[in-house]
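> When the letters of the sequence shown are read in order and numbered with the numbering used here, they come out as residues 84 to 445. Just so you know, even glycine gets a beta-carbon here, dropped at the ideal spot from N, CA and C. Because the structure is a prediction, the values reported are computed rather than measured.
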Amino acid sequence: MKPVTKRALVRIAAGLILAYVLLWLMSVMETVTTVLMISLILAYMVNPVVNKLESWGLSRSLAAVIIVFSVIMFFVLFLVFFVPAVFREIASFGKYAPSYLKSLENSLEEAIKYFGITIPSTPDEIKQLILEQWQQVLPKIANPAAKIASTIFSSTMGIISFVFYALLVPILTYYLMVSFENIRAGVKELIPPYSRPVVLSRLNEIDIALSAFVRGQVTVSLILAVLYSIGFVFIGIDLAIVLGVTSGLLFIIPYFGTLIGIIGGSLMALAKFGDLKHVLYVLGWIAVVQLAEGNLITPRVVGSAIGLNPVVYILALIVGGNLFGLVGMLVAIPVTAILKVLLVAAVQAYRNSQLYTDHVSE
Numbered sequence: 084m085k086p087v088t089k090r091a092l093v094r095i096a097a098g099l100i101l102a103y104v105l106l107w108l109m110s111v112m113e114t115v116t117t118v119l120m121i122s123l124i125l126a127y128m129v130n131p132v133v134n135k136l137e138s139w140g141l142s143r144s145l146a147a148v149i150i151v152f153s154v155i156m157f158f159v160l161f162l163v164f165f166v167p168a169v170f171r172e173i174a175s176f177g178k179y180a181p182s183y184l185k186s187l188e189n190s191l192e193e194a195i196k197y198f199g200i201t202i203p204s205t206p207d208e209i210k211q212l213i214l215e216q217w218q219q220v221l222p223k224i225a226n227p228a229a230k231i232a233s234t235i236f237s238s239t240m241g242i243i244s245f246v247f248y249a250l251l252v253p254i255l256t257y258y259l260m261v262s263f264e265n266i267r268a269g270v271k272e273l274i275p276p277y278s279r280p281v282v283l284s285r286l287n288e289i290d291i292a293l294s295a296f297v298r299g300q301v302t303v304s305l306i307l308a309v310l311y312s313i314g315f316v317f318i319g320i321d322l323a324i325v326l327g328v329t330s331g332l333l334f335i336i337p338y339f340g341t342l343i344g345i346i347g348g349s350l351m352a353l354a355k356f357g358d359l360k361h362v363l364y365v366l367g368w369i370a371v372v373q374l375a376e377g378n379l380i381t382p383r384v385v386g387s388a389i390g391l392n393p394v395v396y397i398l399a400l401i402v403g404g405n406l407f408g409l410v411g412m413l414v415a416i417p418v419t420a421i422l423k424v425l426l427v428a429a430v431q432a433y434r435n436s437q438l439y440t441d442h443v444s445e
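Laid out in structure tokens, this is it:
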């Protein structure tokens with residue numbers, strides 16, 4: 084094997100080892116990694132705004148202060164106007180919950196009779212079986228949430244830690260916004276001069292893909308939250324705004340928000356109205372919104388910069404969720420987009436390398 088080929092293999096091996104060490108450190112310091120990643124994502128998202136304000140003559144520090152203050156004011160207004168409405172919806176739902184439960188039981192009995200289910204032989208036996216299964220499944224669903232809640236809120240130190248990390252996010256985001264261009268220039272200087280043009284070209288491709296996805300996906304999620312909420316309110320289901328906003332914002336995790344909307348909206352419609360007509364209204368509205376999202380909203384807002392197959396989307400979400408939980412699901416698609424750019428570049432480099440073309444000279 085030629086020396087050039089050996090050096091290339093050594094670099095690849097060193098890169099893989101470095102990547103493994105970084106992933107290991109991220110998994111060990113999960114909380115710190117989560118805070119840092121959230122801050123980085125926020126700083127990356129608003130960096131064009133900082134650059135724009137800087138071009139108008141403001142310093143980066145002042146521009147960052149304006150943005151942080153604006154975001155804080157947005158959340159204050161959100162808490163003042165939106166949260167009370169949510170609590171009113173939840174209180175209203177709690178008031179009618181017993182009658183909704185009875186309605187669901189009646190709908191279950193009608194469905195059992197309609198479909199002629201005979202095993203078990205009676206509706207009461209089927210209801211009992213479903214209740215038993217639900218009692219078995221419920222602890223499995225509740226345990227992870229209970230563990231998380233226990234970890235954060237079980238002690239005074241847990242609460243202090245939670246507040247500390249929550250306050251740390253805007254502080255880190257501020258400093259990252261101020262230093263973003265310096266960080267970018269520093270990374271550029273670390274790249275060896277002989278490979279700088281190629282690496283910068285790849286980084287530019289990654290930046291285009293990420294900016295299209297991150298900023299676009301947030302915009303799409305906000306639009307979907309509004310559309311879902313409007314539809315659910317007109318249909319008349321309870322918790323319409325809660326379900327609409329939750330389904331829309333969780334669209335940041337592809338397919339997850341849609342699933343929440345389908346399940347939650349259908350159950351609310353069935354519980355309140357006790358018929359399939361309103362369930363179909365919910366499903367129909369979700370279908371309309373999804374058609375608009377896939378054919379109109381996302382193509383215009385996000386574009387085709389990511390270009391990932393739906394199967395790859397799902398696999399990326401599964402792998403990200405298994406490795407890093409909710410944070411892994413949030414960053415799965417952007418990371419996959421980065422890996423796609425790097426993989427295409429690696430394949431091109433391999434085909435142009437002596438490792439691939441050595442046989443030609445033999």
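Just to confirm, is the Cβ distance from L374 to F176 under 7 Å?
no
> What residues in its chain sit with their C-beta under 7 Å from that of S312, if we drop five residues either side in the sequence?
A323, I324, G327, V328
> Quick check: the Cα distance between L250 and T256, rounded to an integer number of angstroms?
Rounded to the nearest angstrom, the two C-alpha atoms are 10 Å apart.
> Use the C-beta contact count for Q431: other C-beta atoms within 10 angstroms, 16 or more gives buried, fewer gives exposed.
exposed
> I'd like the list of long-range same chain contacts for P275, defined as Cβ closer than 8 Å, with 5 residues on each side in sequence excluded.
none
> Please classify N265 as buried or exposed, where buried requires at least 16 neighbouring CB atoms within 10 angstroms.
exposed
> Can you name, in chain order, every residue of its own chain whose Cβ lies under 6 Å from the Cβ of R298, other than the five neighbours on each side?
M128
> Assuming K372 and L426 form a contact by the criterion Cβ under 8 Å, report the distance between their Cβ atoms to the nearest whole angstrom.
For the sequence presented, residue 372 should be read as Val rather than Lys. Contact flag wrong, Cβ pair sits at about 33 Å.
> Could you check where the alpha helix (DSSP H) with G344 kicks off and where it finishes?
339-356
> Just to confirm before moving on: does the CB-CB distance between Y248 and V159 stay below 7 Å?
no
> How many angstroms separate the CA atom of V365 from the CA atom of K423?
37 Å
> Across the stretch 127-145 and the stretch 268-287, are there enough close Cβ pairs to call them in contact, namely three or more that are closer than 8 Å?
no
> Which residue's Cα is closest to the Cα of S278: L125, G140, A428, L353?
Ranking L125, G140, A428, L353 by Cα distance to S278 puts A428 first.
> In angstroms with no decimal places, state the Cα-to-Cα distance between F165 and V246.
22 Å
> Whole angstroms are fine: how far does the CA of V163 sit from the CA of L123?
28 Å
> Between G357, L406, I335, which has its C-alpha nearest E376's C-alpha?
Checking every option, the nearest Cα to that of E376 belongs to I335.
> Comparing C-alpha positions only, which one of L145, Y338, A352 sits nearest to S304?
Y338
> Suppose you measure from the CA of L342 to the CA of V169; what does that come to, to the nearest Å?
In this structure, the alpha-carbon of L342 lies about 21 Å from that of V169.
> Could you tell me if A292 is buried or exposed, where buried requires 16 or more neighbouring beta carbons within 10 angstroms of its beta carbon?
buried
> According to DSSP, is G177 part of a helix, a strand, or is it coil?
helix
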